């Protein structure tokens with residue numbers, strides 16, 4: 190109770206300005222950072238063109254599905270390359286509060302319970318403020334209408350203006366761009382189309398979990414079944430999967446995330462369907478059909494040929510959009526020709542250690558698909574590869590660019606933005622905060638703690654303490670490391686220490702530890718420490 194009264198008193202004193210609120214640490218020497226989110230990572234507001242009234246339509250909880258359908262459902266205009274809302278009196282905008290950070294921080298600021306599910310760059314922003322970054326001086330955000338193509342000229346113009354404004358606000362310092370997910374494609378498109386502007390204003394570009402070659406399994410099932418951006422019980426209060434499905438069918442950005450058909454995949458992503466067909470003998474038989482990237486378009490066309498939505502009493506057809514597909518082919522050309530300009534450094538961080546959809550299978554030998562238009566009612570089954578749960582590692586690390594470093598970090602696609610691993614690497618690359626004691630500038634590696642467990646208990650008069658700790662050593666010189674350790678076996682070393690009691694009042698103890706160094710590829714070594722100590726009272 191006394192603590193509560195003390196908190197209340199302090200709050201009143203701050204309100205009455207009797208005491209000053211502690212000022213956050215600011216490092217004026219830092220280079221500015223611009224955060225660029227991925228798909229669904231920006232707050233969107235709908236502006237009524239008749240009265241100017243604004244309301245948040247992404248993300249919101251109350252009335253979410255209704256507002257989503259009435260304000261965000263769209264149609265693609267091939268003459269402009271832009272997706273326009275079905276409501277002719279609505280314009281979609283991205284709020285610009287807090288120098289752009291407000292739109293990419295917490296996507297539903299009103300949400301209290303389950304708030305974690307709508308946090309985007311929030312944890313990273315909080316962490317960077319601790320390092321000495323300052324909103325509006327060295328920390329900025331760039332939200333955008335994620336329905337649109339990643340090369341839409343309107344978005345490119347806004348990004349050019351943002352880079353210039355950040356450059357001026359920071360006193361003429363070049364910018365560190367940090368992108369997440371699809372934001373990496375947007376930045377790469379800008380770099381390909383406006384290399385001169387990128388070179389003028391950008392110092393470093395750090396891409397996190399970017400689907401450079403697509404997200405095959407995730408996007409294939411999205412076209413046929415939709416997607417959900419929120420997991421767990423929060424789905425009951427959010428956008429229905431069907432409503433999201435109808436929006437994404439008209440979003441060029443989703444088509445731009447399809448598996449790249451010209452990439453030399455280690456494991457080719459497939460769309461597989463168990464189908465019932467009539468055999469040569471006239472009897473039905475079940476066969477498994479497989480479609481490679483580029484060959485599955487006909488399946489999408491047939492599956493969505495009868496797709497319609499009821500919008501204000503009007504039935505509007507929303508088939509698989511071939512006009513968007515034409516637009517996307519030009520986007521792929523832009524992405525394939527993009528190069529990092531001289532003077533700019535590029536870094537790539539991608540997620541690993543999670544089962545990630547790669548190929549998708551519908552139906553089974555027992556329950557085959559008889560009508561392709563029924564695919565949306567089938568539950569997809571995934572064949573998975575290593576990745577972050579959404580983007581395969583193979584796609585994320587194939588940026589096609591000259592990279593200063595490519596670092597694999599265990600983590601989930603969205604959750605990776607909250608990983609301490611990421612913060613430690615970014616802190617070093619941005620040269621922010623106090624020097625990392627675990628960082629060795631001579632060998633250029635970072636030691637990342639990945640696990641720590643300690644347990645203590647008494648057993649038959651013995652005090653037993655066990656310790657397990659793991660690290661990953663991330664090195665810049667990946668090729669050198671891979672060459673030197675790929676052929677080695679794990680290195681095992683052990684040490685034991687004992688201490689005897691000098692008198693009857695002191696205890697006798699022993700400790701034993703084993704260290705295992707596992708050689709790994711992708712520029713990382715895994716180190717494991719297992720230790721146990723036993724104390725015996727004399």
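Residue numbers (the working numbering): 190 to 727. Backbone N, C-alpha and C define an ideal beta-carbon position, used for all residues, glycine too. Being a predicted model, the structure only gives us computed values, none of them experimental.
TODO: Alpha carbon to alpha carbon, how far is residue 234 from residue 341? Give it in angstroms, no decimals.
DONE: 19 Å
Open item on the list: Just to confirm my understanding: we take residue 383, look at its own chain, exclude 5 residues before and 5 after, and list those with CB closer than 7 Å. What are they?
Closed with: 345, 349
Open item on the list: Tell me which residue opens and which closes the beta strand (DSSP E) that residue 329 is part of.
Closed with: 328-330
- [ ] Spatial neighbours of residue 644 within its chain, please: CB distance less than 6 Å, with the 5 preceding and 5 following residues excluded, ordered by chain position.
- [x] 655
- [ ] Using 10 angstroms around the beta-carbon of residue 616, count the other beta-carbons present and answer buried if the total reaches 16, otherwise exposed.
- [x] buried
Open item on the list: Using a 10 Å radius around the Cβ and a threshold of 16 neighbouring Cβ atoms, would you call residue 337 buried or exposed?
Closed with: buried
Task: Pairwise C-alpha distance: residue 429 and residue 422 - done: Note that residue 422 scores a pLDDT of 46, beneath 50, so its modelled location is shaky; the value from the coordinates is reported in the next line. If you take the alpha carbons of residue 422 and residue 429, they lie about 12 Å apart.
- [ ] Label residue 788 either buried or exposed according to how many other C-beta atoms from any shown protein chain fall within 10 Å of its C-beta, with 16 as the threshold for buried.
- [x] Residue coverage of the chain in this structure runs from 190 to 727, which leaves residue 788 outside it and unanswerable.
TODO: Provide the residue span of the alpha helix (DSSP H) that contains residue 380, from first to last.
DONE: 372-382
Open item on the list: Between the alpha carbons of residue 724 and residue 571, how many angstroms are there, rounded?
Closed with: Approximately 51 Å between the Cα atoms of the pair.
Task: Cβ neighbours of residue 668 in the same chain (closer than 6 Å, five flanking residues each side left out) - done: Summary for residue 668: the model assigns pLDDT 44, below 50, so the residue's position carries little reliability, and this model does not support an answer.
TODO: Could you check if residue 459 is buried or exposed, using at least 16 other CB atoms within 10 Å of its CB as the buried criterion?
DONE: buried
TODO: Jot down the residue ranges of each uninterrupted beta strand (DSSP E) in the segment 221-260, minimum 3 residues, whole runs only, in chain order.
DONE: 222-225, 233-237, 243-247
Open item on the list: Am I right that residue 540 and residue 598 are in contact with their C-beta atoms under 8 Å? What's the rounded C-beta distance?
Closed with: 6 Å
TODO: Would you list the one or two residues that DSSP bridges to residue 551?
DONE: In the DSSP output, where bridge partners are listed per residue, residue 551 has 462.
Open item on the list: With distance defined between alpha-carbon atoms, name the residue in 462, 621, 606 nearest to residue 568.
Closed with: 462
Task: Bridge partner(s) assigned by DSSP for residue 265 - done: 272
Open item on the list: Does residue 705 come out as helix, strand or coil in the three-state DSSP assignment?
Closed with: strand
Task: residue 249 versus residue 466: straight-line alpha-carbon distance, rounded - done: 46 Å
- [ ] Please state whether DSSP places residue 208 in a helix, a strand or coil.
- [x] Only weak support is given to the placement of residue 208: the predicted model assigns it a pLDDT of 45, under 50, and the question is left unresolved by the model.
Open item on the list: With the cut-off set at 8 Å, would you say residue 328 and residue 290 are in Cβ contact?
Closed with: yes
Open item on the list: Can you tell me whether residue 481 is buried or exposed? The criterion is at least 16 other CB atoms within 10 Å of its CB, across all chains shown.
Closed with: exposed
Task: residue 399 and residue 374 closer than 8 Å at C-beta - done: The answer is yes: Cβ separation under 8 Å.
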